[in-house]
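A short write-up of the structure that comes next.
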Amino acid sequence: MNKPFFPALAVFIALATTGCTQRMQDLSDSFKFAYQGFPDAKKSWDEINALPYASLYAQLDNGPRGFMVLAFAEPSQHPSPNLKWLSGDHEMIVTRNNRIVKTVNFAEGNLTTTQVNSPDPLSIGLSTIHMPHQWSRTLDWQPGNHSGYRADSTFTRGKPQTISVNGTKADTVQYHERVTLPTLNVDFTNHYWVSEDTGRMVKSYQHLAPGLPAVTLTHLKPYQGGADE
């Protein structure tokens, strides 16, 4: 997917929240402006903190970076909710415990289901787990009606890294998740940057499924509604 994300949820939230219409209109205009030729969305911390919504940057493969605001937080069968982030073209990223568990309306195809039978290490906290750590899940994705493929993960701790988050330095530890789909003889590696100070996920680079784009998420304003991001 080469086009950037730019949220339409300025419209959704403006309809649901009185007193924020002008602010949301301003944001909507900036998203359109970015979409019309600017390669990366850039919001100041003042703008980010002024919004009462969780937010992040999202980037598909090497495409432009977009600014996304949380549209919905919905209960799941797990302790943590499903967080739904929308783009202006009604594309959706669904995260749980910072892991992308579903996408909707991606041009190249979608991760349709992520099924887990044991706690996701991301839900426990990577900084608290003995490494290396093994975990498995099953994935469904389109196109091709791929269903029930087991994905085996091995987590390892990397080196401390200082990264830039919206122009602000963040001291992190990088963790790696080596993912293997044995049926297809395919593997790839996800990367996670965790704050040394708080243990909170700061940034991630996640492959959705074989043949689908990788997504980089940079967390800006965290979700405060429960035991999730």
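Numbering of the sequence shown is given in our numbering, commencing with residue -2 and proceeding in unit increments.
For glycine and all other residues, C-beta sits at the position ideal for the given N, C-alpha and C.
Check	Outcome
Assuming residue 178 and residue 207 are in contact, meaning their beta carbons sit under 8 Å apart, how far apart are those beta carbons, in whole angstroms?	7 Å
At which residue ranges does the stretch 40 to 86 contain complete alpha helix (DSSP H) runs of 4 or more residues, listed in the order of the chain?	42 to 47
Apply the 10 Å Cβ neighbour rule to residue 74 and answer buried if 16 or more other Cβ atoms are within range, or exposed otherwise.	exposed
DSSP on residue 160, reduced to helix/strand/coil?	strand
So the candidates are 147, 101, 95, 83; which of them puts its Cα closest to the Cα of residue 113?	147
Which whole runs of the beta strand (DSSP E) in the stretch 194 to 218 are 3 residues long or more, in chain order?	198 to 204, 211 to 218
For residue 56, count the other beta carbons within 10 Å of its own beta carbon; 16 or more makes it buried, fewer makes it exposed. Which is it?	buried
Ends of the alpha helix (DSSP H) at residue 108?	Run containing residue 108: none in the alpha helix (DSSP H); it sits in the beta strand (DSSP E), 107 to 112.
What is the DSSP secondary structure of residue 220, reduced to helix, strand or coil?	coil
According to DSSP, simplified to helix, strand and coil, what is residue 119?	helix
Alpha carbon to alpha carbon, how far is residue 83 from residue 91? Give it in angstroms, no decimals.	9 Å
Can residue 191 and residue 123 be called in contact, C-beta distance under 8 Å?	yes
Any contact between the stretch 103 to 117 and the stretch 132 to 139? By contact I mean 3 or more CB pairs, one from each, below 8 Å.	yes
What do you reckon, are the CB atoms on residue 217 and residue 45 nearer than 8 Å?	yes
On the CB-based measure, 16 or more other CB atoms within 10 Å of its CB, does residue 203 come out buried or exposed?	buried
Bridge partners for residue 174 per DSSP, in chain order?	152, 187
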